[in-house]
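Chains as they are written, first to last, in the working numbering: chain A, 1 to 292; chain B, 1001 to 1292; chain C, 2001 to 2292.
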Amino acid sequence: MGRNLFNLKELSITEIEAILDQATVFLNAKNHKKFAGKIACNLFFEPSTRTQYGFQVAEMNLDIKAIGFNPEASSLKKEESFYDTIKTFDAFGADLLVIRHPSNGYYEQLAGKIETPIINAGDGTGDHPTQSLLDLLTIRQEFGSFNGLSVVMVGDIAHSRVVHTNFEAMKRLGMQVYTSGPEECRQNELNFIPLTQALSRCDVVIMLRIQHERHGKRLCMATDEYNSKYGLNHENVSLMKPNAIIMHPAPINRNVEIIDELVECGRSRIFKQVKNGVFIRMAAVKYALEAD
Amino acid sequence: MGRNLFNLKELSITEIEAILDQATVFLNAKNHKKFAGKIACNLFFEPSTRTQYGFQVAEMNLDIKAIGFNPEASSLKKEESFYDTIKTFDAFGADLLVIRHPSNGYYEQLAGKIETPIINAGDGTGDHPTQSLLDLLTIRQEFGSFNGLSVVMVGDIAHSRVVHTNFEAMKRLGMQVYTSGPEECRQNELNFIPLTQALSRCDVVIMLRIQHERHGKRLCMATDEYNSKYGLNHENVSLMKPNAIIMHPAPINRNVEIIDELVECGRSRIFKQVKNGVFIRMAAVKYALEAD
Amino acid sequence: MGRNLFNLKELSITEIEAILDQATVFLNAKNHKKFAGKIACNLFFEPSTRTQYGFQVAEMNLDIKAIGFNPEASSLKKEESFYDTIKTFDAFGADLLVIRHPSNGYYEQLAGKIETPIINAGDGTGDHPTQSLLDLLTIRQEFGSFNGLSVVMVGDIAHSRVVHTNFEAMKRLGMQVYTSGPEECRQNELNFIPLTQALSRCDVVIMLRIQHERHGKRLCMATDEYNSKYGLNHENVSLMKPNAIIMHPAPINRNVEIIDELVECGRSRIFKQVKNGVFIRMAAVKYALEAD
């Protein structure tokens, strides 16, 4: 009955645009009672605010009952495996599983074993499809379409699942995609560009947090040194094109990748992304529940 | 559309009495479907049982969907700020935020920045308006009105947000308000009185827990020494006026501020306060959602 | 109005069979709106996945609003007692309390003090009535009735509340009940039998996890030594009768009490037990709410 949403590379451009269209419908009228009586289990094996609670709000807007999961108070404490935990929720007969887990491609071991549709809410440094979709919605709201736009993602490229999902999808959508940031976090195949050059060229600048929790060691650099070299600040923001926008998947380390005053400046769409996330997640839930 | 409830000093006597009246209406018929489809986010940055789950029950009685928040599994673990966390929930488009936080006046930094109405569920040693309102409801149920009544709050005066909210509101309502307790916890401007004198004079005796978590160091005193000097026990309870009642915001340290046998004695309204708390919180939610 | 469900020894055979019958009705049509507007509080003072979230799904299937409880973010952190915590939830006026607690017979201190009906979701090494009921449902689905069947429970007999509840109920239902496992975990009054003998004789083989969290010290034995002596493996599984089934209350330590390949083999009913658990818990909730 349902279908999985693991990443965007398995979706066609048409399917991606259909999800954005559905999110726009929800944005204009968020309450939608069609899924009343359904149950979604939100299984987050890593900390999360936007994605975890954004899914919960999205589900509630669809009149779906939402179950949260606290790994710390679960049988994981009695050494139960991830696989057995998911099999258990599958056996409950819930209608949807939303899963975040630190292992890249965790969902591969579940293929063919789990009947309940799964939405991937982030797998390690692999994919984060709903974050990418909300980024795309935010860009489409701003510029009307994707073709010919330039975007740069700046910061911890190697550890960002958002970068990996965005890079592939944005290229397919006809965008020119660049990455920038510290040497230690660079992935050469992802079209590296120096920051100043990127800022003067791109329509969309996506700043990223340094993901200390995924680094073996912390970047050896003071906060203000990081900001002046790789972050957005009063000087380099002036290089941006007149209509260019600033985005960030958040959480933000204010004054590191972006100075405090720019987080809510006129160019910033950072909290608009959060708002869009609710409607994208409603559309993703509808996508997963209504396979035909 | 909605309005904030940060403290009681910004409410008139008429507004306070209106909330008590509304709580009484709910007490007589708790189910109220008017808010069906609304979403409340309960954001507790400090441990809580009564307030946190009492709000959740209150919201559910009003047919509001309740989201709990676990700071330990949130992006606070990735160094996201309190402000950005609240801005995120605001961007979700929920209908109500209920917030407890250890910083006094945490809501001041949110003023003008957050559209969603906020109910303060406790700020540091500042205010705790719904606790104060449920104390007032319990007193009004007992004595019919406030004017001319005497009340003493006994214990950790300096660290109690309940004391600070109650003192101001009770005085405005025409009550004679005293405080008592150990020297280390005294605030001289709050009308100090020795305990034995207070017990023989007051209609309402509100015992308080020593808030070890807010003290730099623990009070250097054995439990039974504390009880005999500053707590309620078999000897001094006999000093109370015939119709005087015992209250406590809880959690209780049994045999410290009050001996075990008195917690559920005939004079005690301690669990009645908890029950009243649900109806007060329903009225507070209605107040916040229905500003006109 | 309601009634407690503390253990099975207080229920007649007729009452037990009636709960199994009701669960079967729910299994065929899980949605049941009769309890709309009711509130259940799930108070787990120990980690749990199946029982905790299975109850939540069961309640939601019955259109009951479910409140989860996080002891780590509650006033237990301010030294509030278990008793006062439960009294607080009772005072909230919720319709049902589901409680798991590490103390055997925790519910005895609540008798006569709590008005809200309580379902015991596990007390220390005492009882676990809904696990036992779901085991019984799984067996009845397989064999049609209980009389004359043989069952063995294998593993950590002394620390298993499931064993204690099952042993008494299964004997009353006319089953031959055995236990097996390591010397250190044996309870002689529970009809001990060597494993190989049990496997060739029994219709139902219930494997148990070593409950390290309830042992003072860990069993001094390597995983594969444990499996070859007391666990199910390729060699000894061939001793089982043709129609005999494997069960496990889970969580499973794969390759300890049962080798990985057998967990989802043709004889295994382990995930069917989880599925049955939802319907048993729906029936248990109905039992508790509908006393007449």
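Cβ coordinates follow ideal geometry from the N, Cα and C atoms, glycine included.
query: Beta-carbon contacts of residue 966 of chain B that lie in its chain and below 6 Å, excluding the five residues immediately before and after; result: It is not possible to answer for residue 966 of chain B, since the shown part of chain B is limited to 1001 through 1292.
query: Cutoff 8 Å: residue 1078 of chain B Cβ touching any chain A Cβ; result: yes
query: Neighbour flag for residue 1085 of chain B against chain E, beta carbons, 8 Å; result: No chain E is present in this structure, whose protein chains are A, B and C.
query: Cβ neighbour criterion (16 or more within 10 Å) applied to residue 1085 of chain B; result: buried
query: Residue of A/281, A/168, A/237 and A/160 minimising C-alpha distance to residue 250 of chain A; result: A/160
query: Chain A contact for residue 1283 of chain B (CB, 8 Å cutoff); result: no
query: Residue burial classification, residue 2194 of chain C (beta-carbon count within 10 angstroms, cutoff 16); result: exposed
query: Proximity below 8 Å, CB of residue 29 of chain A to CB of residue 64 of chain A; result: no
query: Residue 2176 of chain C - containing beta strand (DSSP E), residue span; result: 2176–2180
query: Same chain only: Cβ atoms within 8 Å of residue 2087 of chain C, ignoring 5 sequence neighbours per side; result: 2113 and 2114
query: Continuous beta strand (DSSP E) stretch holding residue 280 of chain A: start and end; result: First-last for residue 280 of chain A: 270–289, but that is the alpha helix (DSSP H), not the beta strand (DSSP E).
query: Chain B within 8 Å of residue 49 of chain A, Cβ atoms only; result: yes
query: Contact set between residue 1210 of chain B and chain A, taken where Cβ atoms lie within less than 7 Å; result: What residue 1210 of chain B touches in chain A: nothing, since even the nearest Cβ is about 29 Å away.
query: Alpha-carbon to alpha-carbon, residue 1042 of chain B and residue 2092 of chain C; result: 17 Å
query: 8 Å Cβ cutoff, residue 67 of chain A in contact with chain C; result: yes
query: Residue 201 of chain A versus A/236, A/33 and A/15, residue with shortest Cα-Cα distance; result: A/236
query: The segment 1143–1155 of chain B in contact with the segment 2013–2032 of chain C per 3-pair CB rule at 8 Å; result: no
query: Residue(s) in a DSSP beta bridge with residue 1307 of chain B; result: No answer is possible for residue 1307 of chain B: the residues shown for chain B start at 1001 and end at 1292.
query: Pair within 8 Å by beta-carbon distance, residue 1177 of chain B and residue 1205 of chain B; result: no
query: 4-residue-minimum alpha helix (DSSP H) runs that sit fully inside the segment 1097–1173 of chain B, ordered along the chain; result: 1129–1143 and 1161–1172
query: Supposed close pair residue 1179 of chain B, residue 1269 of chain B - CB separation, criterion 8 Å; result: Wrong, their Cβ atoms sit about 19 Å apart, outside the cutoff.
query: Closer than 7 Å at the beta carbon, the chain C residues around residue 1131 of chain B; result: Going along chain C, no residue has its Cβ under 7 Å from residue 1131 of chain B, so there is no contact; the nearest lies around 13 Å.
query: Whether residue 49 of chain A touches residue 130 of chain A by CB criterion (8 Å); result: no
query: Exposure label - residue 1286 of chain B; buried when at least 16 CB within 10 Å; result: buried
query: Those residues which DSSP pairs with residue 210 of chain A across a bridge; result: Answer by DSSP bridge pairing: none, since residue 210 of chain A is not bridged.
query: C-alpha gap between residue 1068 of chain B and residue 1098 of chain B, whole angstroms; result: 10 Å
query: Chain A contact residues for residue 2250 of chain C, given Cβ-Cβ distances below 8 Å; result: 75, 80, 84 and 88
query: Within chain B, the residues that residue 56 of chain A reaches when beta carbons sit closer than 8 Å; result: 1067
query: Where residue 1245 of chain B falls: helix, strand or coil (DSSP); result: strand
query: Simplified DSSP assignment, three categories, for residue 2041 of chain C; result: strand
query: Alpha-carbon spacing of residue 2033 of chain C relative to residue 2022 of chain C, whole angstroms; result: 15 Å
query: Counted within 10 angstroms of its Cβ, other Cβ atoms place residue 1059 of chain B as buried (16 or more) or exposed; result: buried
query: As assigned by DSSP and simplified to three states, the class of residue 1256 of chain B; result: coil
query: Under 9 Å (Cβ pairs) to chain B, residues found in the segment 2023–2035 of chain C; result: none
query: Residue 2036 of chain C in three-state terms, based on DSSP; result: coil
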